[in-house]
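J.:
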Amino acid sequence: MLSNGLIISFTFGYLALLFAIAWYSERSAFRGKKLSSNPYIYALSLAVYCTAWTYYGSVGRAATNGLEFLTIYIGPSLVAPLWWIVMRKIIRISKVQHISSIADFISSRYGKNITLGGVVTVFCLLGILPYTSIQIKAVANSFDILQYSEFNQNLIAYPFYQDTAFYLALGLALFTVLFGTRNVEATAQHEGMVMAVAFESVFKLIAFITVGVFVTYFVYDGFADIFAQASLRGLDHLYVLQGENGVSEWFWMSVLSMMAVLFLPRQFQMGVIENNDEKHLDKAMWLFPAYLILINVFVLPIALGGLVHFPMETVDADTFVLALPIAYNQDWLALLVYLGGFSAATSMIIVSTIALSNMVSNNLIMPILLFNDNLKVKYQHKLGKIVLRIRRASIFVIILLAYVYYKEISAKFSLVSIGLISFVAIAQFTPAIIGGIFWKKGSRLGALFGIVAGFVLWFFTLVLPTIVTAGYLQPDILENGLFGISGLKPYALFGFSDMSYVTHGLFFSLSFNLILYVCISLFSTQTSKEHNQAVVFVDIFKYSTSLDSSIIWKGQAYLPDLKALLYNFLGEEKTREVLEDFSLRTGRTIGTKNYADPELVNYSERLLTGIIGSASARIMVASVVEEEEISMAEVLGILKETQELKSLNIELKQKSMELEMASEKLQNMNETLRLNDMLKDEFISTVTHEMKTPITSIRAFSEILLDEDLPEEDKKRFLDIIIQETNRMTRLIDQVLDLERFDSGRQELNLEKTDIRILILQTTESMLQVFKEKGLDFNIEIGFDELQLLVDEDRLKQVILNLLSNASKFAKDKIVLKTFLKDHDLYLQVLDDGKGVPKEEVSYIFEKFFQAKNQTSKKPIGSGLGLAISKKIIEYHGGKIGVFKKSGMTCFEFSLPLQLEHNLVTQSKTADE
Amino acid sequence: MNKILIVDDEPNILLSLEFLFKKEGFMVFIARDGEEAMGIIEENDPELVILDIMMPKVDGYEVCKHIKEKNESVKVVFLSAKSKKQDVQKGMDLGADLYLTKPFSNKDLVSKVKSLIN
């Protein structure tokens, strides 16, 4: 007899081994070597189908119902060849649509409907929780049997804290959290978990075959011996093809298990979500049935052997697997068998819990969180963390609920009945899923009503009787039907009493489900979103060629098509930009070939993803890559939606641009006003300053003249100065008024036909004396003979004088005046050999009071208004004025258009008006 | 005899001031810009400098700074058309002893200069 401690250490040792395998695989995957990525591991992970129920329960069922237990495995084996059609499609859809669970799948198919996802999640929980609890029950029973050699499952009522099963449950929850919730993406694969489950599948198979071989060849003398001995005891009926109801029963049970192997949450998790490559289906299609055959080979021999060895039903047939080795004192074999059963139970619990926790977090809690604005705002920055926490919490809650269910309820039922009831619950999803992937018309309402009706009937025909049996309800309802209506008896709806309990429930729930699904779908209209998803699901192979994006685009895309696609979303210019960007980054030239390589295709898809989301983007790209026709209507539909969005977007952009421009304009105007204000202030302050200078002189000399008894000579000199300064003031005032008139546009030119040559000569004449005094050399070059122009003679003289006078102030030795005709202009240049105008001042020099710019140091230019006025005068004549360096000399130049008559006439006219 | 320096780029103003202070018995030096002024200060150590601000080359503020850095006892009187508060403040901050604005009263200027020297 094995000691309690030994069993417990082996149990937890086994768990530790699982941890090690999972940890090692994750490490290995992290380093880039994905151990699980091969068909053998995939097939083994699918064997999570064989739970403790298979391990212990099959023998139990075989002992009572004979070969009928096989239906649970025949169904999946029969349906396996069809996987290429059904499973591959589901896998493809799930990968393309980033689907994370069966609830997600159904909700996604029917327009990403939240209600449907929630309903499926709740029903999954209802269906699977009891199933999970019987795994715990199986482990606990086998543990007790091993420990006490107690073959009858009289559960000893421990408080939970003394119950090994409780700690096992916690350990499993911990394992599940550690290896099941690494990633926030529910679609992310759980490498460690998959490898651990695959290991468990191998382990339970070896354990079961070992005990089978032991019973067949060591206890008995091979198969023939067992069957012979069984026959002697009148057990023939167990291995003849007949069940309670013969063929019909076999049929319905096979159908039930066909659905279960596809849609049980744990099967969906392993078969679809954890699938690395849909090509693995090829091998899994025969490996998985082979596994089922292997694990079932010894079921009947063990059952018969058990019945022969324990004749008087002293031992529950569910425990034969364990009871036989113990009966023959094979302690270590018993321990192996126990661990095998433990592995079957744990793999189911772990995978189911991960699948359920994903559903609970993604389809139940997140929608509530995201639909409640308060919660959404509160958590929106840490949604990733929240999702993980929800999943972890739900794992603990689910496993603990299963434990509670086991303690409170499961004890009262056999393993098989609860397992089958779970199967029927899951079967309710079949119409919605199979219809969903093959029938575009299948609608949300149809699916919803079908599933709900199915579950109501499931509850009524299958769950209600168990509640009655457990003593929670009066048996009245079983005998007389609901509300006393005899047609509504849970065991015999509408008087159908021929079928077995489970078959009856399955038949009615599934029939109503299917009928409602089809009828309501036929008579309801789909929303566009729903229709879109329906099209994608049903025609998935048109939209993608394979799972892995690198494989998907292995085919080549016709470049013009790809470009055209990009144009549609990005516009022509942007498309050119992004393609150029792509060829720059990759060093490939686009356009030398007529086909785009996979990288460009992927690049395009990423670009589109940013605009229309990943799902749509992939469809759009697939449409050109495949060169297969998605119906044009479908593409156009998507295009239209995007275009509408785009034009709305453009409109918004335009509006915001207009606003921006308006605000900029205002800002500019404000700035101009401010600048004008500043300039005005500056102008006034400079004018005052300039006026104070002559006034200061005048006042000082006036006081001197007033107070002193001065010599006549001084008196005269001082009075002369006063007159001089008064003139200066007058000039200044005139200039300011001049400038003001020019500035405000009120200045008028007195235009007359003037001989320019004479005008120039007259002007220079008046300066000759000044040049002579300063010892400056003056040259004049006139490049034309006679030129009559319509100008304001006095004003033009004023400009030339100003330029000459400025030059005289700066020139060292020489001043030159040049005038010539070029193109259609008259040019006049005044050059001096002075130090010139500093570059940074060139742009200011024609502004009024330019010298005021340099606040404190003054330049000997005069009032500072001369050039500003000259500029105005030239501009009034339609000409230009400027300054530059020319062969080492400073050159002030102005030009006047020769055909300025017309301009000037109109201008003076406008001025007249 | 008290030595004073008058600095201004306006010849007529310079002339009037020179005449005025000579008449009052000062030894008067004159300069037409800041650069010239600094040269004269170097050579002749005037007791007081009357300074215009807006001048070519080196402006009055610079000259004042230079004077006060070298010898704080030399009095500086700013005489400028710049009459804004901040201009006056700037002058006084540089250590000037007086800031008078143009146009000025001869009597007033002379008496203030005298009182500064004594």
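Listed in order, the protein sequences are those of chains A and B.
Going letter by letter, the first sequence gives residues 1 to 913 in our numbering.
Going letter by letter, the second sequence gives residues 914 to 1031 in our numbering.
Ideal Cβ placement from N, Cα and C applies to all residues, glycine included.
Going along chain B, which residues have a C-beta under 8 Å from residue 725 of chain A?
T.: 925
J.: Grab me the residues of residue 825 of chain A's own chain with a C-beta within less than 7 Å of its C-beta, minus the 5 sequence neighbours each way, in chain order.
T.: 895, 896, 897, 898
J.: Just curious, the beta strand (DSSP E) that residue 428 of chain A is in, first and last residue?
T.: Run containing residue 428 of chain A: none; DSSP gives neither H nor E here.
J.: Terminal residues of the continuous alpha helix (DSSP H) containing residue 282 of chain A?
T.: 280-296
J.: Taking DSSP as the reference, what is the three-state secondary structure of residue 55 of chain A?
T.: Here residue 55 of chain A sits in helix by DSSP.
J.: Which one of A:838, A:735, A:256, A:768 has the shortest CA to CA distance from residue 866 of chain A?
T.: A:735
J.: Mind checking the region 807-837 of chain A against chain B and listing, in chain order, the residues whose C-beta falls within less than 7 Å of any C-beta there?
T.: none
J.: Use the C-beta contact count for residue 654 of chain A: other C-beta atoms within 10 angstroms, 16 or more gives buried, fewer gives exposed.
T.: exposed
J.: Taking the C-alpha atoms as reference points, what is the distance between residue 106 of chain A and residue 438 of chain A?
T.: 13 Å
J.: Could you tell me the distance, in whole angstroms, from the CA atom of residue 1030 of chain B to the CA atom of residue 769 of chain A?
T.: 47 Å
J.: Between which two residues does the alpha helix (DSSP H) holding residue 227 of chain A run?
T.: Note, residue 227 of chain A: alpha helix (DSSP H), 223-232.
J.: Would you identify the three-state DSSP class for residue 50 of chain A, choosing helix, strand or coil?
T.: coil
J.: What's the C-alpha gap between residue 1027 of chain B and residue 986 of chain B?
T.: 15 Å
J.: Counting only C-beta atoms, is residue 774 of chain A closer than 7 Å to chain B at any point?
T.: no
J.: Taking C-alpha atoms, which residue in A:219, A:424, A:193, A:878 lies nearest to residue 353 of chain A?
T.: A:193
J.: Considering residue 22 of chain A, what are the terminal residues of the alpha helix (DSSP H) in which it resides?
T.: Unbroken alpha helix (DSSP H) run through residue 22 of chain A: 4-30.
J.: Are the CB atoms of residue 195 of chain A and residue 67 of chain A nearer to each other than 7 Å?
T.: no
J.: Would you mind stating whether residue 830 of chain A and residue 892 of chain A have Cβ atoms separated by less than 7 Å?
T.: yes
J.: Can you tell me which of the three DSSP states residue 328 of chain A falls into?
T.: coil
J.: Grouping DSSP H, G and I as helix and E and B as strand, with all else coil, what is residue 125 of chain A?
T.: helix
J.: To the nearest angstrom, how far is the alpha carbon of residue 993 of chain B from that of residue 789 of chain A?
T.: Straight through space, the alpha carbons of residue 789 of chain A and residue 993 of chain B are spaced by roughly 47 Å.
J.: Spell out whether any CB of chain A is found under 7 Å from the CB atom of residue 994 of chain B.
T.: yes
J.: Could you give the first and the last residue of the continuous beta strand (DSSP E) run that contains residue 895 of chain A?
T.: 889-897
J.: Cβ of residue 893 of chain A less than 7 Å from any chain B Cβ?
T.: no
J.: Specify whether the region 319-326 of chain A and the region 81-100 of chain A touch according to this definition: at least 3 beta carbon pairs, one from each stretch, less than 8 Å apart.
T.: no
J.: Taking residue 836 of chain A as the reference, give the member of A:723, A:560, A:808 with the closest Cα.
T.: A:808
J.: In this structure, does DSSP put residue 920 of chain A in helix, strand or coil?
T.: Absent from the structure is residue 920 of chain A, since the part of chain A shown begins at 1 and ends at 913.
J.: If you compare alpha carbons, which of A:714, A:522, A:733 is closest to residue 684 of chain A?
T.: A:733
J.: Report yes or no: do the region 937-953 of chain B and the region 973-982 of chain B share at least 3 C-beta pairs separated by less than 8 Å?
T.: yes
J.: When the cut-off is 7 Å and only beta carbons count, does residue 693 of chain A lie next to chain B?
T.: yes
J.: Shorter than 7 Å from the beta carbon of residue 1024 of chain B to some beta carbon of chain A?
T.: no
J.: Spell out the partners DSSP gives residue 790 of chain A in its beta bridges.
T.: A:753
J.: Using 8 Å for Cβ pairs, my map puts residue 344 of chain A next to residue 55 of chain A. What's the rounded Cβ distance?
T.: 4 Å
J.: Rounded to the nearest angstrom, how far is the Cβ of residue 453 of chain A from that of residue 513 of chain A, given a contact under 8 Å?
T.: Your pair residue 453 of chain A and residue 513 of chain A checks out as a contact, with CB atoms roughly 6 Å apart and the cut at 8 Å.
J.: Ordered along the chain, which non-local residues of its own chain (more than five positions away) have a Cβ less than 6 Å from that of residue 872 of chain A?
T.: 742
J.: Classify residue 720 of chain A: buried if its beta carbon has 16 or more other beta carbons within 10 angstroms, exposed otherwise.
T.: exposed
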